[in-house]
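Peer 1: Have a look at this one.
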Ligand code: AMP
Ligand code: MG
């Protein structure tokens, strides 16, 4: 039985938080909102509960979890050999959407880190998440609250669809704020390496902390390229069930060019007999709608926070349209949140077409 409780995201009822913390303390699983996406939380020090998290999500055993903390006290308990830069980042950017990879302490169970000598730690800014951790008095291990491979949940309804009946409680705290998962940086190496782009961009880190961050190809979402539309062998990550074709340009200045390329591809597929939908920015969407294609609006190219916020919801909506194929417009991955958006789109896409 899964209990659903609704909480005011900015001013949550502490009695309800306490009830949920008790469930987690007794080895239960709880889905809760964070400022990034919804998390599926368990007591970080309870290996049985951690194992349940992997089972419920169908998560590969070698994909470690992030520990969510509320204080430097917890941080110090979980880590060892911490470089000074970690404290600088923590003091400037926590609570917030950035996760640090550090050497783990002996207190961290191997189930959490998939036997790695390192641990991923974040202090979330969402009042519900923070109060839940404080009420429990222990770190909360939490991956995103979706079935592994599906788009991350940005609304309680997404969690309900994926995990109803599989977890003990789902806290409905409304839409998450950023809508994409945290930035992850590896601080066990110098200079630090970006492992996953998120709401805090590499430029933000450089501007705020005066340090360079290495951005490897994997952070842009490369190295997981898949073969198009090959039934049965589709590798899944953030993916809708519907095949998704990502249209990439080397330059997004000319939106008329982008819209014409996407429209021509849509028309070509329609002639072959496919029902096609287009996931597009608000600037170009009428180009496709006017030719009768169903469209999903990601928001404006001039506001990448809006696009990031809408991204996973849009990927879930693709399946609701009941089309054969969806095309999605690419974004410039060299500016701001573009890299975080393109990381998800490249992983979600079954095929990438570059122009
Ligand atoms: P999720 O919470 O589902 O967004 O997934 C957590 C992410 O953190 C995954 O991409 C993990 O690979 C990453 N992660 C967790 N722990 C570590 C670690 N010790 N080293 C590197 N990456 C990690
Ligand atoms: Mg995830």
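Numbering (my numbering), first residue to last: 15 to 369. We put the beta carbon where it would ideally sit given N, CA and C, even for glycine.
#1: Sort out for me which residues DSSP pairs residue 158 with in a bridge.
#2: What's the call for residue 304, buried or exposed, on a 16-neighbour Cβ count within 10 Å?
#3: Please list the terminal residues of the continuous alpha helix (DSSP H) segment that includes residue 307.
#4: Can you tell me the Cα-Cα spacing of residue 359 and residue 50, whole angstroms?
#5: Going by alpha carbons, who is nearest to residue 63 out of 96, 99, 181, 177?
#6: Which residue wins for smallest C-alpha separation from residue 142, given the options 335, 310, 52, 157?
#7: Count the other CB atoms within 10 Å of the CB of residue 197; is the residue buried (16 or more) or exposed (fewer)?
#8: Would you mind working out which of 334, 279, 136 sits nearest residue 108, comparing C-alpha positions?
#9: Mind listing which residues have their beta carbon within less than 6 Å of any non-hydrogen atom of the ligand MG? Chain order is fine.
#10: Under the assumption that residue 266 contacts residue 345 (Cβ atoms under 8 Å), give the Cβ distance between them as a whole number of angstroms.
#11: Given this structure, state the Cα-to-Cα distance separating residue 328 from residue 251, to the nearest angstrom.
#12: So, under 8 Å CB-CB, residue 77 and residue 134 are touching, yes? Tell me the CB distance rounded to an integer number of Å.
#13: Excluding the five sequence neighbours on either side, which residues of its own chain have a C-beta within less than 7 Å of the C-beta of residue 200, listed in chain order?
#14: Report buried or exposed for residue 87, applying the criterion of at least 16 other Cβ atoms within 10 angstroms of its Cβ.
#15: Determine, for residue 155, whether the minimum Cβ-Cβ distance to residues of chain B falls below 8 Å.
#16: Assign residue 79 to buried or exposed, taking buried as 16 or more other Cβ atoms, counted over all protein chains shown, within 10 Å of its Cβ.
#17: If you scan the stretch 201–280 from start to end, which runs of the beta strand (DSSP E) of 3 or more residues do you find wholly inside it?
#18: Less than 7 Å separating the Cβ of residue 77 from some heavy atom of the ligand AMP?
#19: Thinking just about the alpha-carbon of each residue, which of 113, 146, 212 is nearest to the one in residue 352?
#20: The ligand AMP and residue 383: does any heavy atom of the ligand fall closer than 7 Å to the residue's C-beta?
#21: For residue 246 and residue 149, I'd like the C-alpha separation in whole angstroms.
#22: In whole angstroms, give me the CA-to-CA distance for residue 241 and residue 258.
#23: Run through DSSP, which three-state label would residue 353 get?
Peer 2: In short, the structure shows the following:
#1: 53
#2: exposed
#3: No alpha helix (DSSP H) contains residue 307, which DSSP labels as neither H nor E.
#4: 17 Å
#5: 181
#6: 52
#7: buried
#8: 136
#9: 157, 158, 166
#10: 7 Å
#11: 15 Å
#12: Contact doesn't hold; Cβ gap of about 11 Å is too wide.
#13: 115, 206, 207, 209
#14: exposed
#15: No chain B appears in this structure, which consists of one protein chain only.
#16: buried
#17: 207–210, 258–262
#18: yes
#19: 212
#20: The requested residue 383 does not occur in the structure, where the chain is confined to residues 15 to 369.
#21: Model confidence at residue 246 stands at a pLDDT of 34, short of 50, so the residue's coordinates are unreliable; what they give is reported in the following sentence. When rounded, the distance between both Cα atoms is 45 Å.
#22: Reliability of the predicted coordinates at residue 241 is poor, the pLDDT of 39 falling under 50, and no value is obtained from them.
#23: helix
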